[in-house]
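So the structure is just underneath, and the comments pick up after that.
Protein chains: 2
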Amino acid sequence: MGKTDDRRPGGATRRAFMTSALAGGAALAATGRSWAEGDPLITEIQDWNRYLGDGVDAAPYGMPSAFEADVIRRDVPWLTADPVSSVNFTPLHALDGIITPNGLCFERHHAGTALIDPADYRLMINGLVDTPLVFTMSDLKRFPRENRVYFLECAANSGMEWRGSQLNGCQFTHGMVHCVMYTGVPLRTLLQEAGVRTSGKWLLAEGADASAMTRSIPLEKALDDCLVAFAMNGEALRPEQGYPVRLCVPGWEGNMWVKWLRRLEVGDKPWAQREETSKYTDLLENGIARRHTFLMDVKSVITSPSPQAPVTHGKGPLVITGLAWSGSGTISRVDVSIDGGRNWKTARLDGPSLPKALHRFYLDIEWDGSELLLQSRAMDEKGYIQPTKDELRAARGVNSIYHNNSIQTWQVRQDGEVENVEVS
Amino acid sequence: MGKTDDRRPGGATRRAFMTSALAGGAALAATGRSWAEGDPLITEIQDWNRYLGDGVDAAPYGMPSAFEADVIRRDVPWLTADPVSSVNFTPLHALDGIITPNGLCFERHHAGTALIDPADYRLMINGLVDTPLVFTMSDLKRFPRENRVYFLECAANSGMEWRGSQLNGCQFTHGMVHCVMYTGVPLRTLLQEAGVRTSGKWLLAEGADASAMTRSIPLEKALDDCLVAFAMNGEALRPEQGYPVRLCVPGWEGNMWVKWLRRLEVGDKPWAQREETSKYTDLLENGIARRHTFLMDVKSVITSPSPQAPVTHGKGPLVITGLAWSGSGTISRVDVSIDGGRNWKTARLDGPSLPKALHRFYLDIEWDGSELLLQSRAMDEKGYIQPTKDELRAARGVNSIYHNNSIQTWQVRQDGEVENVEVS
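Note that the protein sequences, when read in sequence, are chains A and B.
Position one of the first sequence corresponds to residue 1 (the UniProt record's numbering), numbered consecutively onward.
Position one of the second sequence corresponds to residue 1 (the UniProt record's numbering), numbered consecutively onward.
Set out below in structure tokens:
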């Protein structure tokens with residue numbers, strides 16, 4: 001941040017003393033000294049300085065401030081009217097950093113949330129193995145564990161935007177993603193324990209909820225970086241995230257991260273279950289459906305400003321921030337455009353850069369108050385670059401709702417309000 | 001994990017099929033096939049397979065499972081009877097990884113929890129500066145931001161253990177530490193904005209709560225890595241953690257991380273406020289008190305097994321895990337002893353290694369069922385090694401309650417119960 005006045009945040013709102021400096025600041029609030037703008041929040045003692053605040057010893061598990069009551073998961077009534085099979089969205093517009101708090105992680109369920117007492121939990125491994133096995137929670141917690149930060153993105157994230165801009169907020173257009181630190185046992189360890197036969201090429205993961213969610217996973221991926229996880233951000237998985245045990249399939253579509261995991265079957269070919277045939281396949285223009293499109297490609301979105309996070313402070317310094325991620329590894333670079341993709345500036349990545357995790361980026365600009373067309377474009381360590389919507393449609397048509405990783409545009413109006421728009 | 005039977009977790013509890021493998025696993029739960037141990041949790045359809053689970057659309061901000069109701073912050077009644085100035089403890093024994101969920105972060109307050117509307121928030125910088133300034137929340141959010149994962153440890157953490165083992169649980173002996181990702185503006189940026197005069201050598205940070213917590217910080221540290229933070233683990237600070245703004249003083253004692261931050265005064269010498277004279281100084285045997293002992297030295301503790309996390313599965317594979325941290329940077333190595341410090345094995349560090357953050361370690365052993373005396377000993381990147389209790393007492397006596405970073409011992413009995421003990 002430069003030292004010239006016009007680059008200083010608060011150029012309009014910053015409050016300067018009438019006098020150049022004040023000695024004996026400890027007596028400040030009691031002096032009643034007159035300020036440039038006579039702000040009583042500075043000159044007067046406030047209630048929170050005067051009176052004992054509410055204790056928190058009565059809150060053994062703490063909650064956010066009442067002033068943050070709007071920072072919640074939300075659903076889209078016309079999209080998710082059925083409580084049996086529904087989804088809610090992470091409030092990305094109100095968050096920062098790369099860790100999603102557990103209480104705000106979006107979740108998609110197909111038969112409600114199964115409530116399972118960990119004492120009753122069992123995980124079976126069967127099929128093409130030397131020794132079929134069943135593990136209890138206690139068994140699982142005796143194997144060596146790992147901790148990894150991973151994003152989890154629903155394949156349908158941004159799906160409603162394929163044919164045109166629809167949902168006015170990044171919570172709804174991009175909020176089917178979250179990022180936490182998982183703790184669990186490598187899936188490889190458990191499969192090696194059972195002994196996979198040489199004929200084994202695929203794995204079926206099955207959930208214990210009433211939908212019995214089942215997905216086929218290539219054995220190569222299962223033996224690579226998958227985790228059988230029991231903790232997120234340090235504590236036990238949340239019920240809606242598969243408590244007590246879920247599968248982590250890093251970088252791959254969220255539907256494969258089977259929740260309430262109860263069974264792993266080793267087979268010699270994929271199974272063609274409902275959720276990998278009628279769902280989670282991508283219908284192309286020529287009538288052919290792509291299947292086994294597991295990888296979540298490189299993607300990014302600007303989270304602020306965005307329709308739910310308008311610019312309220314007028315022109316001058318403006319923090320543009322967003323998230324980028326790639327199922328292929330780390331993010332190597334994010335570019336940001338303020339003119340709808342004609343000119344680009346490289347954004348600043350800030351925070352740990354972890355493979356298959358969210359990355360946070362910033363572009364700190366001086367806003368002149370004119371209309372902006374904000375876009376972000378991510379590149380990953382493999383060199384893959386996020387496509388435009390036109391490029392995506394040219395390659396895949398508009399029949400699919402899955403795997404839309406195209407560039408999102410937000411229009412910032414002169415009054416600071418923000419809209420979801422498209423540019424060509 | 002080896003392939004020999006006696007090293008397999010679940011050697012005692014593992015359930016094997018009577019038949020070598022089962023084809024057509026999808027029909028598994030309905031077959032009623034008889035298992036080696038005839039476990040109905042495998043052979044019978046459970047309620048959570050049969051009925052729609054409770055939906056979570058009604059939980060816009062999610063909470064942990066009811067089965068995790070014991071994983072909470074706790075206080076120690078005889079230690080913290082006064083609600084005005086109290087403390088609660090992170091349940092370290094029940095957590096994994098390195099991120100602490102916001103709802104479980106320990107907190108210490110001196111005048112309750114101040115409740116401040118962000119719209120009414122002001123931060124003043126005054127003293128030896130060119131231009132005294134006042135910032136609103138909106139102002140702060142216009143400066144370039146950073147994201148950093150840091151541990152925060154109260155200087156009094158483990159303080160009750162100076163004279164001998166007292167508290168039976170790592171939640172109570174070591175639970176005044178937590179670790180989250182902070183988002184905020186570098187303090188340096190704000191001080192540069194005000195323009196620190198060459199005579200400025202120290203900074204006074206003052207809180208807006210009724211205790212008006214005030215601490216002196218060397219300007220060198222203030223200009224190094226301190227943050228004026230407004231988010232933790234992605235969301236706004238929790239009320240008891242200083243909402244809407246707290247100071248982060250990475251690696252230094254928690255009391256300096258002033259909550260509800262309202263004022264920063266630049267001066268030419270430290271202030272000698274109450275919380276840095278009558279408190280947060282270390283009385284030595286010779287009657288001299290060490291002061292300005294800001295740095296939190298290298299430290300570690302085994303979190304499981306521990307008195308609140310006994311061994312319930314009998315002999316065989318056992319995961320020993322714990323946390324290590326250092327105010328000087330990263331942890332380079334953790335050794336674990338199972339015989340009270342006579343022999344040591346190097347533990348496995350797992351998860352990101354970030355400076356001034358918690359590090360997670362594991363030692364996966366085969367427990368023969370005999371009594372153990374568990375200890376962990378951390379080393380940091382500067383080469384500093386965690387001392388024994390005897391070494392700490394020889395250097396500092398037993399008058400202080402602050403900065404006890406000595407090695408903790410847990411006795412694991414043959415029945416799996418765990419006690420806080422001392423060994424010489």
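Note that beta-carbon positions come from the ideal geometry of N, C-alpha and C, so glycine has one too.
Counting only beta-carbon atoms, is residue i nearer than 9 Å to chain A?
i, result
"residue 383(B)", "no"
"residue 147(B)", "yes"
"residue 21(B)", "Unreliable placement is indicated for residue 21(B), whose pLDDT of 30 sits below 50; no coordinate value is reported for it."
"residue 255(B)", "no"
"residue 409(B)", "no"
"residue 418(B)", "no"
"residue 116(B)", "yes"
"residue 324(B)", "no"
"residue 240(B)", "yes"
"residue 296(B)", "no"
"residue 397(B)", "no"
"residue 160(B)", "no"
"residue 235(B)", "yes"
Give me the DSSP bridge partner(s) of residue i.
i, result
"residue 385(A)", "379(A)"
"residue 411(A)", "373(A) and 419(A)"
"residue 359(A)", "324(A)"
"residue 429(A)", "Outside the shown range of chain A, which is 1 to 424, sits residue 429(A), and nothing can be said about it."
"residue 301(A)", "323(A)"
"residue 426(A)", "No statement about residue 426(A) is possible, as the shown extent of chain A runs from 1 to 424 and does not include it."
"residue 454(B)", "The displayed coordinates of chain B run from 1 to 424. Any statement about residue 454(B) would go beyond what the structure contains."
"residue 346(A)", "335(A)"
Who are the neighbours of residue i on chain A, taking C-beta pairs under 8 Å?
i, result
"residue 437(B)", "The first residue shown for chain B is 1 and the last is 424, placing residue 437(B) beyond what the model contains."
"residue 319(B)", "141, 142, 143, 144 and 145"
"residue 209(B)", "48, 49 and 53"
Quick check on residue i - is its C-beta less than 9 Å from some C-beta in chain B?
i, result
"residue 231(A)", "yes"
"residue 280(A)", "no"
"residue 38(A)", "no"
"residue 141(A)", "yes"
"residue 379(A)", "no"
"residue 415(A)", "no"
"residue 157(A)", "no"
"residue 213(A)", "no"
"residue 308(A)", "no"
"residue 368(A)", "no"
"residue 120(A)", "yes"
"residue 301(A)", "no"
"residue 25(A)", "Since pLDDT at residue 25(A) reaches only 30, below the 50 mark, its modelled position is unreliable, and the value read off the structure follows with that caveat. It does: the Cβ of residue 25(A) has a partner Cβ on chain B nearer than 9 Å."
Relative to the alpha-carbon of residue i, which residue among the options has its alpha-carbon at the smallest distance?
i, options, result
"residue 329(A)", "269(A), 279(A), 194(A) and 148(A)", "148(A)"
"residue 352(A)", "66(A), 332(A), 76(A) and 232(A)", "332(A)"
"residue 125(B)", "180(B), 263(B), 94(B) and 112(B)", "263(B)"
"residue 223(A)", "409(A), 165(A), 212(A) and 266(A)", "266(A)"
"residue 337(B)", "302(B), 60(B) and 66(B)", "302(B)"
"residue 354(B)", "280(B), 344(B) and 251(B)", "251(B)"
"residue 194(B)", "238(B), 123(B) and 234(B)", "123(B)"
"residue 241(A)", "177(A), 202(A), 291(A) and 324(A)", "177(A)"
"residue 315(B)", "119(A), 82(A), 142(A) and 44(A)", "142(A)"
"residue 299(A)", "133(A), 388(A) and 258(A)", "388(A)"
"residue 349(B)", "120(B), 368(B), 372(B) and 377(B)", "377(B)"
"residue 362(A)", "334(A), 121(A), 418(A) and 69(A)", "334(A)"
"residue 211(A)", "99(A), 273(A) and 127(A)", "273(A)"
"residue 255(A)", "288(A), 269(A), 216(A) and 234(A)", "216(A)"
Against residue i, what residues of chain C qualify as contacts under a CB-to-CB distance less than 8 Å, listed in chain order?
i, result
"residue 292(B)", "You won't find chain C in this structure, because its protein chains are A and B."
Identify the contact partners of residue i in chain A, using a Cβ-Cβ distance below 7 Å as the criterion.
i, result
"residue 313(B)", "138 and 142"
"residue 243(B)", "65"
"residue 362(B)", "144 and 145"
"residue 41(B)", "120 and 122"
In chain A, which residues lie with their C-beta within 9 Å of the C-beta of residue i?
i, result
"residue 222(B)", "The premise fails here: residue 222(B) is roughly 16 Å from chain A at the closest Cβ pair, so nothing lies under 9 Å."
List, in order along the chain, the chain B residues whose C-beta lies closer than 7 Å to that of residue i?
i, result
"residue 188(A)", "What residue 188(A) touches in chain B: nothing, since even the nearest Cβ is about 10 Å away."
Subject >> Interfacial residues, the region 48-69 of chain A to chain B, with Cβ spacing under 7 Å >> reply: 48, 49, 50, 51, 52, 53, 54, 55, 56, 57, 60, 61, 62, 63, 64, 65, 67 and 68
Original post:
Going along the region 330-355 of chain A in order, which residues come within less than 9 Å of chain B, judged by CB to CB distance?
Top reply: 348, 350, 351, 352 and 354
Original post:
For the region 90-112 of chain B, which residues have a beta carbon sitting closer than 8 Å to at least one beta carbon of chain A?
Top reply: 94, 95, 96, 97, 98, 99, 100, 101, 102, 103, 104, 105, 107, 109, 111 and 112
Subject >> Residues from the region 167-183 of chain B in contact with chain A, defined by Cβ distance under 7 Å >> reply: The region 167-183 of chain B vs chain A, Cβ under 7 Å: 181 and 183.
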